[in-house]
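Numbering (the numbering used here), first residue to last: 1185 to 1533.
Even for Gly, the Cβ is constructed at its ideal location relative to N, Cα and C.
Source: prediction; values computed, not measured.
Single-structure report; data block below.
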């Protein structure tokens, strides 16, 4: 016996024995680790499958009305390009037309992005002399709503976003009108800003449609001439009624004469400015139509959604996804001879 023990002890006590022991422990450790990794992998695979089914059930459970709730908010950038200016000596050069950002524009993703509706908010091109016209959009926010039950909050949010978009477009147009650089318009940029600036898109459109209203506002509200009767009729009457006699004959008050002539010149200038405005009417008309369409889209969507939610047979997307997920889990757990309640924790993990 002592001889056998010594035979076993001798290999273990030398260098070869140490290697044998270490190797044995390494093999055992790797074996245990592989078992653990296999179990962890099985757990992760099961959890991933359940999560995937849950996500698929959520998307499958969302009805047509629910899936329409994909609203986006974007900024639209426009480089207006450049035009060629000509001097009296025949020389020419390129003049840039600056850029505009229309921010916080909202809309249904299917319309604004998929169908290119964002281009409705791209403002005018003045040419491609040296700087080309370019327009693009950048994302700010995407809101996908699966639960329509809290309509009050969504209505407030959508209407507020539509109002913000209207204000943004209105301000962008104001900035464009006061910064036009072409020979045709640069003499009237101050007039455009004074008459059309700071008012709604609809009021801008009304004044652009009606030369008489445009001219009257400029002459009376901007230049300060009398609003009574026909334009300049009061100034003319005061001038003609100011005649007096001096040693050389009848005369009229010089200041009143000058005032009347200034009024007449203002009328002529306003008429000319209104005619020039017609060549860029699309800046106002297209923008007003785009905002009106957006507001109609928002109100129509709100009405349709409220009718859907108030319907007695309405089932929300979340409820549909819960039902689909439950059905899947019941079948999966039944195959493993488990009750549904025992498997619910898998999804929660």
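Counting other Cβ atoms within 10 Å of its Cβ, residue 1350 reaches 16 or more and is therefore classed as buried. Per DSSP, the continuous alpha helix (DSSP H) segment holding residue 1419 begins and ends at 1417-1424. Under DSSP, the beta-bridge partners assigned to residue 1283 are 1263.
In the DSSP assignment, the residues bridged to residue 1323 are 1258.
Residue 1411 counts as exposed, since fewer than 16 other C-beta atoms from the protein chains shown sit within 10 angstroms of its C-beta.
Rounded to the nearest angstrom, the Cβ distance from residue 1467 to residue 1360 is 6 Å, consistent with a contact under 8 Å. Here residue 1292 carries a strand assignment [DSSP, helix/strand/coil]. Note on geometry: alpha-carbon atoms of residue 1340 and residue 1394 lie some 36 Å from one another. For residue 1403, there is no enclosing alpha helix (DSSP H), as DSSP marks it with neither H nor E. Between the C-alpha atoms of residue 1266 and residue 1369 there is a straight-line separation of about 14 Å. Within the same chain, no residue comes within 6 Å of residue 1303 by CB-CB distance, once the 5 residues on both sides are set aside. Judged by their CB atoms, residue 1398 and residue 1460 are not nearer to each other than the 7 Å cut-off. Under DSSP, residue 1278 takes part in a beta bridge, and its partners are 1268. Residue burial annotation: residue 1449 is exposed, with fewer than 16 other C-beta atoms found within 10 angstroms of its C-beta.
Taken atom to atom, the span from the alpha-carbon of residue 1278 to that of residue 1337 is near 51 Å. Rounded to the nearest angstrom, the gap between the Cα atoms of residue 1440 and residue 1422 is 7 Å.
Within the same chain, 1377, 1380, 1381, 1382 come within 8 Å of residue 1358 by CB-CB distance, once the 5 residues on both sides are set aside. In the displayed model, residue 1494 falls within a helix according to three-state DSSP. At a Cβ-Cβ threshold of 7 Å, residue 1293 and residue 1256 count as neighbours.
In the DSSP annotation of this structure, the continuous segment of the alpha helix (DSSP H) that includes residue 1457 starts and ends at 1438-1461. When rounded, the separation of the alpha-carbon atoms in residue 1271 and residue 1388 is 33 Å. Assignment of residue 1351 by DSSP, reduced to helix, strand and coil, places it in the helix class. According to DSSP, residue pairing for residue 1311 in a beta bridge involves 1265. Close CB contacts of residue 1295 within its chain, under the 8 Å cut and outside five residues either way in sequence, are with 1301, 1481 (chain order).
Exposed is the label assigned to residue 1211, since fewer than 16 other Cβ atoms lie within 10 Å of its Cβ. Just so you know, the alpha carbons of residue 1495 and residue 1479 end up roughly 24 Å apart. The continuous alpha helix (DSSP H) containing residue 1390 extends over residues 1385-1393.
Between residue 1443 and residue 1419, the gap from beta carbon to beta carbon is short of 7 Å.
Residue 1474 is positioned such that its CB atom lies closer than 7 Å to that of residue 1305. Separation of the CB atoms of residue 1276 and residue 1263 is rounded to 21 Å, and the pair is thereby denied contact status at 8 Å.
It is roughly 15 Å from the alpha-carbon of residue 1464 to the alpha-carbon of residue 1375.
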